[in-house]
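Participant:
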Amino acid sequence: MSTLVSSRILPRSRALTVALVVAFAALTAVLAQLRIPLWFTPVPITGQTFAVLLAGLALGSRAGAASQALYVAAGAVGLPIFQGGQGGWSYVTGPTLGYLVGFIAAAALVGRLRTGQPGRLFGIPAALAGTAAIYVFGIAWLAYALGVGLGRALALGVFPFLIGDALKALLAGLVPLPRP
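Mapping the sequence shown onto the numbering used here, position 82 (from 1) lands on 74, and the numbers just tick up by one.
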């Protein structure tokens, strides 16, 4: 009888959790490459937020946040996993830093709101709350990084994305995932 090395080192549930954290970090990296640049803002439309919301919904608060922290850390050390194949500390500390921090917070929030809630439809409001969290962190840093006021930061970092992000939240909330 053969046993997996991972099952000897970590209990099965912990090994599975670690694998899922890595998988959702990888999913975020892959969906980051689905991007539509906008000429009027440094923030492109990407598939990342969909992966962030799914991570919270599927993994729960701690593991969902861990998956996004792993994604940000991997990109910060130079792996070209951010949108457009970018990576490195200079990218992380640029105008999109708030969004990257917001990914971690959003996955944690979505996971917390979703944990133990009955029915699949509760995933939709949880995903919408996660999207709002991404916006809060994102526009706060965007305003600082660009030296603009709140109104301009909203125009650059929220308003162009509202419809698409609402659709991503709706789709993420409807994906049939087990409750964390």
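Ideal Cβ placement from N, Cα and C applies to all residues, glycine included.
Determine the DSSP secondary structure at I37, reduced to helix, strand or coil.
Facilitator: Correct three-state label for I37: strand.
Participant: By a C-beta neighbour count over all protein chains shown, 10 Å radius and 16 as the cutoff for buried, is F151 buried or exposed?
Facilitator: So F151 ends up on the exposed side.
Participant: Starting from I96, trace the alpha helix (DSSP H) in both directions and tell me its first and last residue.
Facilitator: Unbroken alpha helix (DSSP H) run through I96: 89 to 106.
Participant: Does DSSP put F32 in a helix, in a strand, or in coil?
Facilitator: Coil at F32, not helix or strand.
Participant: State the DSSP-derived secondary structure class of Q60, mapped to helix, strand or coil.
Facilitator: In the structure shown, Q60 sits in a helix (DSSP, three-state: H, G or I).
Participant: Give me, in chain order, the residues of the same chain whose beta-carbon lies closer than 6 Å to that of Y127; leave out the 5 immediate sequence neighbours on both sides.
Facilitator: So the list reads V150, once near-sequence residues are dropped.
Participant: Per DSSP, what kind of secondary structure is L169 in: helix, strand or coil?
Facilitator: If DSSP states are grouped into helix, strand and coil, L169 belongs with coil.
Participant: Less than 8 Å between the beta carbons of G90 and G80, yes or no?
Facilitator: No, the pair does not count as a contact, with Cβ atoms beyond the cut-off.
Participant: Between the C-alpha atoms of A55 and A15, what's the straight-line distance to the nearest angstrom?
Facilitator: Computed Cα separation, rounded: 11 Å.
Participant: Less than 8 Å separating the beta-carbons of I73 and G156?
Facilitator: No, the pair does not count as a contact, with Cβ atoms beyond the cut-off.
Participant: On the three-pair Cβ rule with 8 Å, is the segment 45 to 63 touching the segment 87 to 104?
Facilitator: Yes, the segment 45 to 63 is in contact with the segment 87 to 104.
Participant: Is it true that the CB of A145 sits closer than 8 Å to the CB of L134?
Facilitator: Taking 8 Å as the Cβ cut-off, L134 and A145 qualify as a contacting pair.
Participant: Here's a check: name, in chain order, each residue in its chain whose Cβ is nearer than 8 Å to the Cβ of L46, leaving out the five neighbours to either side.
Facilitator: Only F16, L19, A164, V167, L169 meet the Cβ criterion.
Participant: Taking the alpha-carbon positions, what's the F114 to G108 distance?
Facilitator: Their Cα atoms are separated by approximately 10 Å.
Participant: For the candidate residues L30, V44, A158, whose alpha-carbon lies nearest to that of V93?
Facilitator: When only C-alpha atoms are compared, the closest one is V44.
Participant: Checking 8 Å against the spacing of the C-beta atoms, do P87 and L154 come in under that value?
Facilitator: No.
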